[in-house]
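Have a look at this one:
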C-alpha cells in the first residue's frame with residue numbers, strides 16, 4: 005500500500021454550524037474536508053444556496069487552510085412516483101451546479117433507498133437515466149460522481165438501526181451498475197455500510213467495484229440489540245489494515261465518524277487506529 009492519504013468526512017458534523025467543521029478539521033490537522041448541500045441539516049449548505057452562501061463557504065476554506073473538494077448531496081433516484089422522481093433529478097442537477105461553484109471535484113450521490121426486492125425495471129431505468137444526466141453535467145464541470153454503497157436504513161424499537169439490501173449492496177446489482185452506468189461514474193466504497201447490510205460479504209464488494217472506486221469512507225458498524233450502531237474504525241471487528249491493503253484506490257480516504265455526541269473523540273480514535281494499522285499515513 006502506498007502512503008495512505010486521509011481527509012475528514014462531514015456526516016458527524018451535521019448538527020454543527022459549517023464554520024465549526026472547518027475549525028475542528030484544522031485543529032485536528034486535516035487539510036481536506038467533505039461538505040454537504042441540502043438534506044435539512046444545520047451543518048450543511050441549504051437546499052438552494054445563493055451566491056453569497058457560496059462566497060461565505062469558500063471564505064471558510066481560505067480562513068482555515070482546509071480545502072473541500074468532496075460534496076455530499078442527499079438524493080434518491082429509486083423513487084416510485086414519476087413526478088417526484090423528476091423533481092429529485094432536477095434538485096440534484098441544481099445542487100451539482102452549486103457543488104461546482106464551491107470548487108468540488110467529486111459529488112457523492114446515492115442510488116436510493118428502495119429495498120432491493122422492490123426494484124422493478126421501471127425504477128432501474130429511471131435511476132440509470134438520472135445518473136446519465138448528472139454525469140453529463142459533472143463532465144462539463146470537471147467533476148466525478150461517486151455512488152455510495154449504502155443499505156436502506158430503518159430505526160428499530162430498541163434504538164438500533166436495521167440495514168436492508170439495496171442495489172449498492174447486492175453483488176449482482178452492483179455488477180449491473182458497473183455494466184450500465186456511464187463509465188466515468190465511480191463508487192464511494194463505504195465498507196462499513198456494506199458490512200451492516202450484507203455481513204456475509206467479507207470482501208466488501210471489492211470483487212465487483214474495485215476498479216471503479218473514486219472515493220472512500222472509513223467507519224465501522226457494531227451489532228447493537230436487534231440491529232446496528234455506527235462506530236469508529238477500531239471500535240469493532242473490521243480489519244482495516246488488511247482492507248486498506250486490498251483497496252486499489254490511492255486518493256483521499258475520508259474518516260466518517262457518524263455519531264454527533266462525541267464526534268471529535270470518535271475522529272481522534274479513528275486516527276489512533278490508523279497509527280496502528282496504516283503507519284505512515286498522512287493528511288492530504
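In the numbering used here, the protein residues as written are 5 to 288.
In this text, a Cβ means the ideal position worked out from N, Cα and C, and glycines have one as well.
message: Relative to the C-alpha of residue 137, which candidate in 31, 93, 176 has its C-alpha closest?
response: 93
- prompt: What is the C-beta distance between residue 75 and residue 112, in whole angstroms, given that I count them as a contact (C-beta under 8 Å)?
  reply: 7 Å
- prompt: Measuring CB to CB, does residue 115 end up less than 9 Å from residue 88?
  reply: no
- prompt: From this set, 166, 41, 19, which residue's C-alpha is nearest residue 101's C-alpha?
  reply: 41
- prompt: Can you round the beta-carbon distance between residue 120 and residue 205 to whole angstroms, since I take them to be within the 8 Å contact cut?
  reply: Not a contact, Cβ separation roughly 14 Å.
- prompt: What are the residues that DSSP puts in a beta bridge with residue 12?
  reply: 37, 259
- prompt: Which word fits residue 13, buried or exposed, when buried means at least 16 other C-beta atoms lie within 10 angstroms of its C-beta?
  reply: buried
- prompt: CA-CA distance, residue 99 and residue 50?
  reply: 10 Å
query: Using DSSP with H/G/I as helix, E/B as strand and the rest coil, what is residue 253?
result: coil
field: Counterpart residues of residue 111 in DSSP-defined beta bridges
entry: 75, 149
message: Would the stretch 251–258 count as touching the stretch 206–219 if we require 3 or more Cβ pairs under 8 Å?
response: yes
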